[in-house]
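Protein chains in written order, with this note's numbering: chain A, 3 to 238; chain B, 3 to 238.
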């Protein structure tokens with residue numbers, strides 16, 4: 003039977019062998035939720051880059067620049083890290099260069115995997131359906147917060163494990179833990195996350211609307227995949 | 003208000019500042035459960051060492067040698083990693099040199115903390131009562147399994163957070179996660195842990211009796227503390 007595992011933060015990636023595995027990167031608040039929304043609205047590609055400077059350089063070459071540092075927008079950039087910014091018809095067919103505190107790094111660090119997919123609650127069902135057609139093991143890489151484990155990405159990992167529970171075995175404690183947490187919290191994720199540290203961080207910024215949006219399940223039938231250095235929408 | 007935090011594995015210790023914090027190390031299956039049992043039965047001191055060779059060298063200097071590697075006993079040593087081995091009147095007043103796959107390393111890596119305590123379900127109440135008298139923040143360091151997160155140590159961290167919830171704030175997601183898991187599983191920890199990876203590892207070795215024992219709460223009024231390079235029983 004195929005296996006599903008979870009890496010709770012990129013700082014534990016050294017414990018995992020991913021070269022025969024499909025990696026699903028999750029940065030629920032808010033990088034991967036933004037990416038999924040962007041592709042649902044027709045964006046052509048997203049290049050994840052490590053630094054604000056790289057992003058700015060690509061902006062000068064015609065990319066739209068999107069950045070977030072410490073949950074804040076970067077001045078002079080075209081897009082921020084709110085998923086609502088990506089609900090814009092003018093983005094159709096554009097190419098975006100994006101850097102975020104946690105999510106983009108997690109994607110670039112997964113490059114050696116068979117495939118790197120971008121996951122969020124918004125495209126949970128699309129990801130699960132795609133994975134069922136594949137023969138490889140799966141690992142969810144939670145982006146976390148500056149190396150630390152966070153609740154929301156762990157809950158996403160648990161949600162995916164839950165959807166795949168008839169097709170994938172859960173052998174490792176990380177995935178068991180994530181799955182138990184999701185089952186415990188799934189009936190009301192907003193209140194389950196009420197005390198989460200990143201949620202408190204975001205609430206200080208007044209973006210409760212983003213939080214509620216990012217926790218909606220199965221909104222978009224979109225599977226972003228890393229091809230070369232760019233994320234594109236997979237044709238499924 | 004004082005804070006309680008959790009480091010889910012020693013491989014995430016670099017994210018934590020511990021020099022103004024009391025660290026409680028937990029390796030529930032079975033190193034810290036053995037240590038607590040040993041002190042309850044009158045052992046004088048336990049030196050945690052990193053390697054089997056160091057342990058053997060101390061054995062030649064008169065220490066009792068205790069070791070476990072990959073959940074197995076080491077040949078020629080006086081004690082193994084079953085807590086039942088430590089229920090022996092002949093151990094009273096003896097000094098033990100101990101090395102285990104995860105637990106002893108977690109202890110030695112915490113040396114820079116204000117105090118390093120040894121925690122297990124067996125002395126949960128004693129640890130909680132002692133901490134309430136202290137002014138420092140607390141961090142539970144879960145020993146995990148070769149760098150990976152494990153369920154049983156995470157549950158212990160959640161149990162301690164639960165006992166201390168009126169005295170310590172839980173700000174970080176790691177402690178929130180551990181606390182939620184413990185609340186979810188506390189009514190039947192044995193069945194909650196039934197699929198845990200280390201439990202399966204131990205069950206293959208036929209030591210279900212150890213597991214049930216290590217999950218008992220509040221058996222001993224013992225707080226082992228690191229002084230210099232040795233663990234001793236704290237006089238409280």
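Idealized CB from N, CA, C, for every residue including glycine.
List the DSSP bridge partners of residue i.
i	result
residue 229/B	232/B
residue 50/B	100/B
residue 171/A	5/A
residue 28/B	121/B and 144/B
residue 191/A	Per DSSP, none; premise fails for residue 191/A.
residue 81/A	68/A
residue 139/A	23/A
Under 9 Å Cβ-Cβ, which residues of chain A neighbour residue i?
i	result
residue 156/B	175 and 179
residue 183/B	179, 182, 183 and 186
Just the chain A side, please: which residues come within less than 7 Å of residue i by C-beta, in chain order?
i	result
residue 199/B	173, 174 and 175
Using only CA atoms, which one of the options lies nearest to residue i?
i	options	result
residue 91/A	224/A, 145/A and 41/A	41/A
residue 44/A	97/A, 101/A and 146/A	97/A
residue 85/A	167/A, 37/A, 26/A and 171/A	37/A
residue 192/B	30/B, 64/B and 56/B	30/B
residue 138/B	20/B, 164/B and 11/B	20/B
residue 222/B	128/B, 116/B and 236/B	128/B
residue 9/A	164/A, 174/A and 3/A	174/A
residue 99/A	147/A, 114/A, 83/A and 61/A	61/A
residue 150/B	5/A, 15/A and 136/A	15/A
residue 131/A	225/A, 22/A and 4/A	225/A
residue 126/A	163/A, 194/A, 4/A and 212/A	163/A
residue 77/A	186/A, 95/A, 215/A and 57/A	57/A
residue 213/B	104/B, 155/B, 80/B and 133/B	155/B
residue 116/A	104/A, 210/A, 51/A and 23/A	23/A
residue 145/B	28/B, 17/B and 93/B	28/B
residue 234/B	49/B, 26/B, 13/B and 11/B	49/B
residue 320/B	210/A, 176/A and 218/A	Because chain B spans 3 through 238 in this model, residue 320/B falls outside it and cannot be assessed.
residue 134/A	101/A, 143/A, 169/A and 158/A	169/A
residue 147/A	108/A, 82/A and 114/A	108/A
residue 94/A	13/A, 72/A, 47/A and 55/A	47/A
residue 187/B	211/B, 227/B, 172/B and 157/B	157/B
residue 229/A	114/A, 220/A, 215/A and 166/A	114/A
residue 25/A	194/A, 140/A, 211/A and 195/A	140/A
residue 227/A	236/A, 219/A and 220/A	236/A
residue 194/B	185/A, 201/A and 87/A	185/A
residue 190/B	172/B, 171/B, 219/B and 13/B	219/B
residue 232/B	65/B, 159/B and 196/B	65/B
residue 6/A	166/A, 217/A, 82/A and 73/A	166/A
DSSP state of residue i, grouped into three classes?
i	result
residue 20/B	coil
residue 70/B	strand
residue 10/A	coil
residue 177/B	helix
residue 43/A	coil
residue 217/B	coil
residue 75/A	strand
residue 111/B	coil
residue 182/A	helix
residue 150/A	strand
residue 201/A	helix
residue 132/B	helix
residue 105/A	helix
residue 155/B	helix
residue 1/B	Limits of chain B in this structure are 3 at one end and 238 at the other, which puts residue 1/B out of reach.
residue 223/B	coil
residue 93/B	helix
residue 33/A	helix
Using the beta-carbon of each residue, which ones in chain B are nearer than 8 Å to residue i?
i	result
residue 25/A	By Cβ distance, chain B contributes nothing, its closest Cβ being about 17 Å from residue 25/A, past 8 Å.
Residues of chain A with CB under 8 Å from residue i, in chain order?
i	result
residue 149/B	14, 16 and 17
residue 2/B	Past the edges of chain B, shown from 3 to 238, lies residue 2/B, and the structure says nothing about it.
residue 10/B	10 and 151
Under the assumption that residue i contacts residue j (Cβ atoms under 8 Å), give the Cβ distance between them as a whole number of angstroms.
i	j	result
residue 179/B	residue 178/A	So it is not a contact: roughly 13 Å between Cβ atoms.
residue 110/B	residue 33/B	At roughly 12 Å, the Cβ-Cβ gap does not stay under 8 Å, so residue 110/B and residue 33/B are not in contact.
residue 118/A	residue 112/A	5 Å
residue 67/A	residue 123/A	Rounded, the Cβ-Cβ distance is 26 Å, inconsistent with contact.
residue 103/B	residue 70/B	6 Å
residue 54/B	residue 101/B	6 Å
residue 182/A	residue 183/B	6 Å
Does the CB of residue i have a neighbour CB from chain D at under 8 Å?
i	result
residue 29/B	Although the question refers to chain D, the structure presented lacks it and instead comprises the protein chains A and B.
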